[in-house]
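For the sequence shown, numbering that gives the first Met the number 0 begins at 0 and goes up steadily by one.
For reference, the structure discussed in these notes is given below.
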Amino acid sequence: MNLSKREFIQVMGAGTMAGMSMGAYAQSSASTAANGLYDIPKFGNVSFLHMTDCHAQLKPIYFREPSINLGVGSMQGNLPHLVGEYLLQVAKIRPGTAEAHALTYLDFEKAAKRYGKVGGFAHLATLVKRMKASRPGALLLDGGDTWQGSGTSLWTNGQDMVDACKLLGVDVMTGHWEFTLGMERVKEIIEKDFAGKVDFVAQNVKTNDFGDPVFKPYVIREINGVPCAIIGQAFPYTPIANPRYMVADWAFGIQDENMQLMVNEARGKGAQVVVVISHNGMDVDLKMASRVSGIDAIMGGHTHDGMPVASIVSNKGGKTIVTNAGSNGKFLGVLDFDVKDKKVSDFRYKLLPVFSNMLPADKEMDALITKIRAPYESKLAEKLAVTDGLLYRRGNFNGTGDQLLIDALLDVQGADIAFSPGFRWGTTLLPGQAITREWLLDMTATTYSYATVTEMTGETIKTVLEDVADNLFNPDPYYQQGGDMVRVGGLTYSCNPVGKAGQRIGDMRLKGQLIEAGKKYKVAGWAPVAEEARHQGNKQVWEVVETWLKAQGGRIKPRQLNTPKIMGALPNKGYAV
Numbered sequence: 000m001n002l003s004k005r006e007f008i009q010v011m012g013a014g015t016m017a018g019m020s021m022g023a024y025a026q027s028s029a030s031t032a033a034n035g036l037y038d039i040p041k042f043g044n045v046s047f048l049h050m051t052d053c054h055a056q057l058k059p060i061y062f063r064e065p066s067i068n069l070g071v072g073s074m075q076g077n078l079p080h081l082v083g084e085y086l087l088q089v090a091k092i093r094p095g096t097a098e099a100h101a102l103t104y105l106d107f108e109k110a111a112k113r114y115g116k117v118g119g120f121a122h123l124a125t126l127v128k129r130m131k132a133s134r135p136g137a138l139l140l141d142g143g144d145t146w147q148g149s150g151t152s153l154w155t156n157g158q159d160m161v162d163a164c165k166l167l168g169v170d171v172m173t174g175h176w177e178f179t180l181g182m183e184r185v186k187e188i189i190e191k192d193f194a195g196k197v198d199f200v201a202q203n204v205k206t207n208d209f210g211d212p213v214f215k216p217y218v219i220r221e222i223n224g225v226p227c228a229i230i231g232q233a234f235p236y237t238p239i240a241n242p243r244y245m246v247a248d249w250a251f252g253i254q255d256e257n258m259q260l261m262v263n264e265a266r267g268k269g270a271q272v273v274v275v276i277s278h279n280g281m282d283v284d285l286k287m288a289s290r291v292s293g294i295d296a297i298m299g300g301h302t303h304d305g306m307p308v309a310s311i312v313s314n315k316g317g318k319t320i321v322t323n324a325g326s327n328g329k330f331l332g333v334l335d336f337d338v339k340d341k342k343v344s345d346f347r348y349k350l351l352p353v354f355s356n357m358l359p360a361d362k363e364m365d366a367l368i369t370k371i372r373a374p375y376e377s378k379l380a381e382k383l384a385v386t387d388g389l390l391y392r393r394g395n396f397n398g399t400g401d402q403l404l405i406d407a408l409l410d411v412q413g414a415d416i417a418f419s420p421g422f423r424w425g426t427t428l429l430p431g432q433a434i435t436r437e438w439l440l441d442m443t444a445t446t447y448s449y450a451t452v453t454e455m456t457g458e459t460i461k462t463v464l465e466d467v468a469d470n471l472f473n474p475d476p477y478y479q480q481g482g483d484m485v486r487v488g489g490l491t492y493s494c495n496p497v498g499k500a501g502q503r504i505g506d507m508r509l510k511g512q513l514i515e516a517g518k519k520y521k522v523a524g525w526a527p528v529a530e531e532a533r534h535q536g537n538k539q540v541w542e543v544v545e546t547w548l549k550a551q552g553g554r555i556k557p558r559q560l561n562t563p564k565i566m567g568a569l570p571n572k573g574y575a576v
């Protein structure tokens, strides 16, 4: 793709996230503010709408963005590793506006009360219809992590989200957590529910035996007479980050060379626009964009980065746009291309926040959600306690929601140390809100959420922490698997994100005493990837935590975060506390 000089202006965010600051609209009524936020001018003749990582959140929620999202190596100080005011400066968004609240953790509690909840498929549906009405022929792309992350998705085996996505009008999707429903269930949905309606694409998933494609690598769709290829890139590390037995017959990987072949093949078949719908994670997408030529845009997910401006990457064939559309149904990306002489000549990109009080609920979607939830409503709504403090998850090292899980595991399981996975999905509760079973499942619902207690030596504990730190902070994005650092309870330690592999973790202590390499410690955890864990009869983690919540006398005090001492990586524009 060859772009004009205006690409520099795009990268620097001169247009703001929605094409304008809300400005005078900031103090207006919801309907007036919506006009200021969502009335973006049509551009060009080819449009893509992008959602990703909704994690089965059908209803509006609160969601706090991270205050710690460290960049290392070449990524330090660059998108997506900017938080708070640093991100707003790059995007040229005024603090205190609705856009600033959507993108950052700044004044979160106050802003959340002012602007209300975000996401919700009924409100997202209204925005999708609005964008499609102004952009005839626009395709809706889903970056995956859609069928997992809630009580209803767990209990319906993903059917709630399948039905909702069909009604939403998803055209093409790829996957990651979808695969934790198992190979048979994934194929069943694609072959039955999606047949003739939704294309599931992934160029990087092959059979283990003969290396045959498991899914279509790409599709070519015409938009206003322009042939457009959409290539799928599923999460490349699924068998490592999640239980391998759930995808036992399939091989994954980044597969740059095959991606180049698919791009060339699609171009050879007449595609004038090539877009990748990716679940690599943004750092990986940026590297892939530098190595594979002929891609006009990579619309990414996995790392939950809500990016208000597009990044533009040079490669031997030209330039590639890289975007990422956040998580939890909180954003909708809008990418407009002007295609002339059979190639992209210019573009516009907007990231639109989905504020539920600015977008009326779509009646048809609202009715479907009510129907889906009806059999489970009373179970989901049961109040387990009330939180006195903010409960959130996102952040490289810990969140108060995870701290609650850790505190419960330590207490109920009688452990010395507790680990909670560094998942980035999960929702936020404001002080004074009820902790319901629904929120607890939003934080824990997977198909392998078994609570475990294991004896580990000090040496093994260090190895675990070092391995996770390398997954997160390896300077080569192709060795990163996304997610955040494992959350730790009972144990204190230091972490040097810019250290060498195997040398990032230090000063591990339990109750002030140094951890001994050969001594055994009782460690609680959950979501083990080993196959034998599903046969051991362990309780689900939400059962353990629910027991703890009900024993706290009705109210949960604000959680005290246990985070490591950061060495060697500061100051950093991805760090603000």
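No residue lacks a Cβ here, since even glycine has one placed at the ideal position from N, Cα and C.
Within the same chain, 53 and 160 come within 6 Å of residue 145 by CB-CB distance, once the 5 residues on both sides are set aside. Within a 10 Å sphere around the beta-carbon of residue 209 sit fewer than 16 other beta-carbons, which makes this residue exposed. Every unbroken stretch of the alpha helix (DSSP H) spanning 4 or more residues and falling wholly within the segment 208-286 is given here in chain order: 237-240 and 255-267. Taking a C-beta distance under 8 Å as the contact criterion, residue 121 and residue 371 do not qualify as a contact pair. Using a Cβ distance threshold of 8 Å, residue 284 and residue 333 do not count as a contacting pair. Taking a C-beta distance under 8 Å as the contact criterion, residue 416 and residue 522 qualify as a contact pair. Note: residue 129 is not bridge-paired with any residue in the DSSP secondary-structure output. In the three-state reduction of the DSSP assignment, residue 204 falls in the coil class.
When only Cα atoms are considered, residue 489 and residue 518 end up about 16 Å apart.
Counting along the chain, no alpha helix (DSSP H) covers residue 473, and no H or E run does either. In the assembly as shown, residue 335 is a buried residue. Its beta-carbon has 16 or more other beta-carbons within 10 Å.
Around the CB of residue 70, 16 or more other CB atoms lie within 10 Å, so the residue is classed as buried. Per the DSSP secondary-structure output, residue 506 pairs with nothing in a beta bridge. The DSSP-derived three-state label of residue 452 is strand. Check the Cα spacing between residue 278 and each of 269, 265 and 298: the tightest is with 298.
Residue 83: not part of any alpha helix (DSSP H); DSSP gives it neither H nor E.
Within the DSSP secondary-structure output, residue 494 pairs in a beta bridge with 504 and 565. The segment 354-392 contains, as complete alpha helix (DSSP H) runs of 4+ residues, the segments 362-372 and 376-380 (chain order). By the neighbour-count criterion, in which 16 or more other beta carbons inside 10 Å mark a residue as buried, residue 206 falls on the exposed side. Secondary structure note for residue 152: its alpha helix (DSSP H) is the uninterrupted segment 150-154. Per DSSP, residue 175 lies in no beta strand (DSSP E) segment and is marked neither H nor E.
Annotation: residue 516 to residue 557 spans about 33 Å, alpha carbon to alpha carbon.
Of 222, 296, 345 and 508, the smallest CA-CA separation from residue 458 is found for 508. At least 8 Å separates the beta-carbon of residue 202 from that of residue 271. Taking all protein chains in view, the Cβ of residue 478 is surrounded by fewer than 16 other Cβ atoms within 10 Å, so the residue is classified as exposed. With fewer than 16 neighbouring CB atoms inside 10 Å of its own CB, residue 475 falls in the exposed class. Residue 186 sits in a helix when the DSSP states are folded into three classes. Note that the segment 162-174 touches the segment 216-233; at least 3 beta-carbon pairs, one per stretch, sit closer than 8 Å.
Partner residues in the beta bridge of residue 199, as assigned by DSSP, are 172. Per DSSP, the unbroken alpha helix (DSSP H) holding residue 107 starts and ends at 107-114. Residue pairing by DSSP places residue 93 in no beta bridge whatsoever. The beta carbon of residue 114 is closer than 7 Å to those of 97, 100 and 354 in its chain, skipping five residues each way along the sequence. Close CB contacts of residue 409 within its chain, under the 7 Å cut and outside five residues either way in sequence, are with 417, 488, 489 and 523 (chain order). Each residue's CA atom was taken as its position, placing residue 246 and residue 433 some 37 Å apart.
Take residue 571, set aside five residues on each side of it, and the residues of its chain with a beta-carbon closer than 6 Å to its own are 69, in chain order.
Within a 10 Å sphere around the beta-carbon of residue 211 sit fewer than 16 other beta-carbons, which makes this residue exposed.
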